[in-house]
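Trainee: If you're matching positions, the sequence shown starts at 1 in full-length UniProt numbering and goes up one per residue. Where a beta carbon is used, it is the ideal one built from N, C-alpha and C, also for glycine. Every value quoted in this text rests on a predicted model; they were computed, and no experiment measured them.
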Amino acid sequence: MKITDLLNQLNEQLNFIDLEIDDTIIKCEKAIEIILKSLENLKKHVQKRQFKSQDEEIHFFKDLKPQFVSKLIYYNKIYKIETKKPHGGQRVVKKYYKLELHKLKLFFDNELEFYRYFRTGNNYLDYKYFVRGKFDIKFSLDSFYFESDTNFVTAHSFKVSKIMAHDLLQVFLEDKLLEMKNNIQTGKSQVNPKIKQIWTASKVSLVELLYALHSEGVFNNGASDLKDIASYLEYMFDINLGQYHRAFLEIRMRKGDRTKFITSLKENLIKRMDNTDDS
Numbered sequence: 001m002k003i004t005d006l007l008n009q010l011n012e013q014l015n016f017i018d019l020e021i022d023d024t025i026i027k028c029e030k031a032i033e034i035i036l037k038s039l040e041n042l043k044k045h046v047q048k049r050q051f052k053s054q055d056e057e058i059h060f061f062k063d064l065k066p067q068f069v070s071k072l073i074y075y076n077k078i079y080k081i082e083t084k085k086p087h088g089g090q091r092v093v094k095k096y097y098k099l100e101l102h103k104l105k106l107f108f109d110n111e112l113e114f115y116r117y118f119r120t121g122n123n124y125l126d127y128k129y130f131v132r133g134k135f136d137i138k139f140s141l142d143s144f145y146f147e148s149d150t151n152f153v154t155a156h157s158f159k160v161s162k163i164m165a166h167d168l169l170q171v172f173l174e175d176k177l178l179e180m181k182n183n184i185q186t187g188k189s190q191v192n193p194k195i196k197q198i199w200t201a202s203k204v205s206l207v208e209l210l211y212a213l214h215s216e217g218v219f220n221n222g223a224s225d226l227k228d229i230a231s232y233l234e235y236m237f238d239i240n241l242g243q244y245h246r247a248f249l250e251i252r253m254r255k256g257d258r259t260k261f262i263t264s265l266k267e268n269l270i271k272r273m274d275n276t277d278d279s
């Protein structure tokens, strides 16, 4: 439960940063700082206790720890990609992002055997891959393993983290390329409101509302895709919702009231109705 709490706390903090900070480089800097602190707490927790069984140790290094480390790899890689991004037209930047995607493909090709093992849910080699001190040089270990604290790393726990991080990186790069492809100025409405409405609540609240509206099917008789509704809300409020899919996952994992914003809307509307009745 302690590790789960640490992970939930980390996810909430990263989700807040992802939604509230638009500058990618600053976002990555803040995220890396938070993840390093979280990993430090995780390491202290592991040092204080002993695993009750080999299965528990495997579960930690195969399933739990990579969820922390993968985030560090992910944000660090994005930071490097964005700080090294060439200055130039869309053609130059597009070529740059495609090259980064190609590097990911090379990684997956080089790790194909282990990638298949991990993705297909195999476990017959877990006792070598995810138990401390049980390394085999024949399994093409990363140099990182030999430089690490052997009490907090196994032969392949870092590889799992890289696979998880690279899956996210692939989505990030593909989104960047799609964004460039769709970067066409849309015509403004012929009837423009005199006062622009700016969303001043949190982005998390707007994501909660976005999913509620989509679930209710209020646009185009329920035929509108979630992505289309998100784009519309971003255009209307001149706001960037970022990776709203991940934000929704964090909303789902909330303890207590998972629909805080919608609950607040309901309570305040009822209060207004009651006040109107009294007057």
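1. When you compare the CB positions of Leu-210 and Leu-173, do they come within less than 9 Å of one another, or not?
2. If you measure between the beta carbons of Ile-32 and Tyr-79, is that distance less than 9 Å?
3. For the segment 64-75 against the segment 159-178, are there 3 or more C-beta pairs whose distance is under 8 Å?
4. Would you please state the rounded distance, in angstroms, between the beta carbons of Leu-169 and Lys-77? I believe it to be under 8 Å.
5. Which two residues bound the contiguous alpha helix (DSSP H) that contains His-214?
6. Helix, strand or coil: how does DSSP classify Gly-222 here?
7. DSSP on Met-253, reduced to helix/strand/coil?
8. Classify Asp-238 as helix, strand or coil using the three-state DSSP reduction.
9. Assuming the contact rule is C-beta atoms closer than 8 Å, Thr-259 and Glu-208 should be a hit. Round their C-beta distance to whole Å, please.
10. Do Lys-255 and Asn-8 come within 9 Å of each other at the CB atom, strictly closer than that value?
11. Tell me which same chain residues have a C-beta within less than 7 Å of the C-beta of Leu-226, skipping the five on either side of it?
12. So does the segment 81-99 actually touch the segment 44-59, counting three or more Cβ pairs closer than 8 Å?
13. Classify Val-69 as helix, strand or coil using the three-state DSSP reduction.
14. Does the beta-carbon of Val-171 have 16 or more other beta-carbons within 10 angstroms, so that it is buried, or is it exposed?
15. State buried or exposed for Val-218, treating a residue as buried only when at least 16 other CB atoms are found within 10 Å of its CB.
16. Run the CB neighbour count on Asn-15, radius 10 Å, all protein chains shown included, and call it buried at 16 or more, exposed below.
17. So, helix, strand or coil for Tyr-74, using DSSP?
18. So, helix, strand or coil for Arg-258, using DSSP?
Mentor: Put simply:
1. Translated into the one-based positions of the sequence shown, residue 210 becomes position 210. Translated into the one-based positions of the sequence shown, residue 173 becomes position 173. No. Outside cutoff.
2. Stepping through the sequence shown from its first residue, residue 32 is reached at position 32. Stepping through the sequence shown from its first residue, residue 79 is reached at position 79. Taking 9 Å as the Cβ cut-off, Ile-32 and Tyr-79 qualify as a contacting pair.
3. yes
4. By one-based count along the sequence shown, residue 169 stands at place 169. By one-based count along the sequence shown, residue 77 stands at place 77. Correct: roughly 6 Å between the Cβ atoms.
5. Sequence index remark: in the sequence shown, residue 214 carries index 214 (1-based). Element bounds for His-214: 203-216.
6. Here residue 222 corresponds to residue number 222 of the sequence shown, with the count starting at 1. Gly-222: helix per DSSP, three-state reduction.
7. Reading the sequence shown from its first residue, position 253 is the one you call residue 253. Three-state DSSP puts Met-253 in coil, outside helix and strand.
8. As a working note, residue 238 is residue 238 in the sequence shown. Correct three-state label for Asp-238: coil.
9. As a position in the sequence shown, residue 259 is number 259, starting the count at 1. As a position in the sequence shown, residue 208 is number 208, starting the count at 1. Confirmed, Cβ separation roughly 6 Å.
10. In the sequence shown, residue 8 corresponds to position 8, counting from 1. In the sequence shown, residue 255 corresponds to position 255, counting from 1. Closer than 9 Å, so yes.
11. Numbered from its first residue, the sequence shown carries residue 226 at position 226. Once the five neighbours on either side are set aside, the close Cβ partners of Leu-226 are His-214.
12. no
13. On the sequence shown, position 69 is the one that residue 69 refers to. It is helical.
14. Counted from its first residue, the sequence shown places residue 171 at position 171. The residue in question, Val-171, is exposed, as its Cβ has fewer than 16 Cβ neighbours within 10 Å.
15. As a working mapping, residue 218 is identified with position 218 in the sequence shown. Val-218 comes out exposed.
16. Locating residue 15 in the sequence shown gives position 15, counting from the first residue. Under this definition Asn-15 is a buried residue.
17. Residue 74 sits at position 74 when you count from the first residue of the sequence shown. It is helical.
18. Numbered from its first residue, the sequence shown carries residue 258 at position 258. The answer is coil: DSSP assigns Arg-258 none of H, G, I, E or B.
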